[in-house]
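Numbering (the working numbering), first residue to last: 18 to 310.
All C-beta atoms in this analysis are idealised placements derived from N, C-alpha and C, irrespective of residue type, glycine included.
For clarity, every value in this text was computed on a predicted model and none was experimentally measured.
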Ligand code: AMP
C-alpha cells in the first residue's frame, strides 16, 4: 500500500491541531487546563473509531486522538508495512468529529534509536489468545499505551470492546500501576451483516468478506446456546463455535468461553461469560467477542 506523505508538523486544520512531535505535544498539554479524553488508534479510521471519539466527546471538550501504527506490537511476520495509513482521510474524519488534537508521531519519535526498551507485562491476562498467537503483541501494546498516557496525561481514555483482551489488559495495567485515568469501554460497531468493523477488513476479497460473517454467526450461536437453551458446558459451546467457523472456511485460531474479568477457564456457565474468537481468512486475521449474560 502506498504511504501518504505526512502533513507538515504543527499544521492547524481549522479547529483541529495536528501535532507530530513530542515537545509540541508536551507544550500543548501544559497549556490545557481542561481534562483530556484520549482515543488511541492506529488510524485508517472507521465508524468503530468514530464511536470512541463520540464517547470521548461526551466525557470532555478536549478530545485527543493518537494515530500511530505501533511497530512494537507487530511480530516480524505481520502486516506492519502494508497496514493502511490514510492520514489525510483520518484528519478529515477527526475534524468533522470535533477532535481538538491529533497526535501522529513518527516511529523514531516514539522509539528513538538507541532507546532502552521497557517491558510492562500483564501475564495473567496477556499470555493466552492474542498473546499466544502474536508473540510480543501485548508487550508492544502496553509500552505504547503507557507512553501515550504519560505524554497526553488524559483523565479519560476510550477503548473498544472489539479488542476485549486488550481492554482488560489495559484496565489491569491502569489499576495495578495506580494511573489516574478512567478507562471508558465502548461497544463494538458492526457492519450491517454483523462483521465487526476493523481496519483489516479492507484486506478481504469479496469471497472472504462474505465468509467473514462466520465470526459473528459463531458468537450469535454461543449466545443462543447459553442464554436461550441454558447450555452450561463451555466445551459444548466452544465446539459449536468452531464448527461455525469451519462451515465458513475460517481457519480458527481460538474459540473460547471464559470468565469475563480473569479470562480464565470456567467449569460451568453459571454466571456472565465472554466468548472470544479469532480466525483467519485468506491470511487475514480477524477477531471478535461477545459478553453473554
Ligand atoms: P486500532 O486502530 O485497531 O488499534 O483500534 C483503536 C481502538 O478502536 C481500540 O480501542 C479498538 O478496540 C477500537 N475499535 C476498533 N474497531 C472497533 C469497532 N468495530 N467498534 C468499536 N471500537 C473499535
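Practice task
Identify the continuous beta strand (DSSP E) that holds residue 271 and give its terminal residues.
Solution key: What you label residue 271 is simply residue 254 of the chain shown in a count that begins at 1. Note, residue 271: beta strand (DSSP E), 268 to 275.
Problem - DSSP-derived helix/strand/coil call for residue 207 - result: Translated into the one-based positions of the chain shown, residue 207 becomes position 190. Assignment of residue 207 by DSSP, reduced to helix, strand and coil, places it in the strand class.
Exercise for the section: Decide yes or no for the touch test of the segment 239 to 252 against the segment 207 to 216: beta carbon pairs closer than 8 angstroms, at least 3 of them. Expected result: no
Handout entry: Any non-hydrogen atom of ligand 1 within 7 angstroms of residue 214 CB
Key = In the chain shown, counting from the first residue as 1, residue 214 sits at position 197. Checking the Cβ of residue 214 against ligand 1 gives yes.
Handout entry: Cα-Cα separation, residue 219 to residue 251
Key = The residue labelled residue 219 in the question sits at position 202 within the chain shown. The residue labelled residue 251 in the question sits at position 234 within the chain shown. Spanning the two alpha carbons is a distance of roughly 33 angstroms.
Practice task
Examine ligand 1 and report whether any of its heavy atoms sits within less than 7 angstroms of the Cβ of residue 180.
Solution key: Counted from its first residue, the chain shown places residue 180 at position 163. At least one heavy atom of ligand 1 is found less than 7 angstroms from the C-beta of residue 180.
Practice task
Name the residue from 249, 232, 204 and 214 whose alpha carbon lies nearest to the alpha carbon of residue 73.
Solution key: Position 56 of the chain shown, counted from the first residue, corresponds to residue 73. Of 249, 232, 204 and 214, the residue nearest in Cα terms is 204.
Practice task
Name, in chain order, the residues that DSSP records as bridge partners for residue 84.
Solution key: Here residue 84 is taken as the residue at index 67 of the chain shown, counted from 1. Residue 84 is bridged to 58.
Problem - Own chain residues within Cβ distance below 7 angstroms of residue 301, not counting five before or after - result: Residue numbering aside, residue 301 sits at position 284 when the chain shown is read from its first letter. Within the same chain, residue 301 has close Cβ partners 217, 220, 221 and 225.
Problem - Check: residue 59 C-beta below 7 angstroms from any heavy atom of ligand 1 - result: As a first step, residue 59 must be located in the chain shown, where it is residue number 42. Checking every heavy atom of ligand 1 against the Cβ of residue 59, one is found closer than 7 angstroms.
Exercise for the section: Please determine if the segment 68 to 88 and the segment 131 to 140 are in contact, where contact requires at least 3 C-beta pairs separated by less than 8 angstroms. Expected result: no
Exercise for the section: Measure from the alpha carbon of residue 51 to the alpha carbon of each residue in 77, 237 and 59, then state which is nearest. Expected result: In the chain shown, counting from the first residue as 1, residue 51 sits at position 34. Taking each of 77, 237 and 59 in turn and checking the Cα distance to residue 51, the smallest one comes out for 77.
Practice task
Classify residue 83 as buried or exposed, calling it buried when 16 or more other Cβ atoms lie within 10 Å of its own Cβ.
Solution key: Residue numbering aside, residue 83 sits at position 66 when the chain shown is read from its first letter. So residue 83 counts as buried.
Handout entry: Any non-hydrogen atom of ligand 1 within 7 angstroms of residue 85 CB
Key = Locating residue 85 in the chain shown gives position 68, where the first residue counts as 1. Checking every heavy atom of ligand 1 against the Cβ of residue 85, none is found closer than 7 angstroms.
Handout entry: Buried or exposed (CB count within 10 angstroms, at least 16 for buried), residue 164
Key = Numbered from 1 along the chain shown, position 147 holds the residue referred to as residue 164. Here residue 164 is buried, its C-beta having at least 16 other C-beta atoms within 10 Å.
Exercise for the section: Classify residue 29 as helix, strand or coil using the three-state DSSP reduction. Expected result: Taking the chain shown and counting its residues from 1, one reaches residue 29 at position 12. Here residue 29 scores only 47 on pLDDT, less than 50, and its place in the model should not be relied on; the value that follows carries that caveat. If DSSP states are grouped into helix, strand and coil, residue 29 belongs with the strands.
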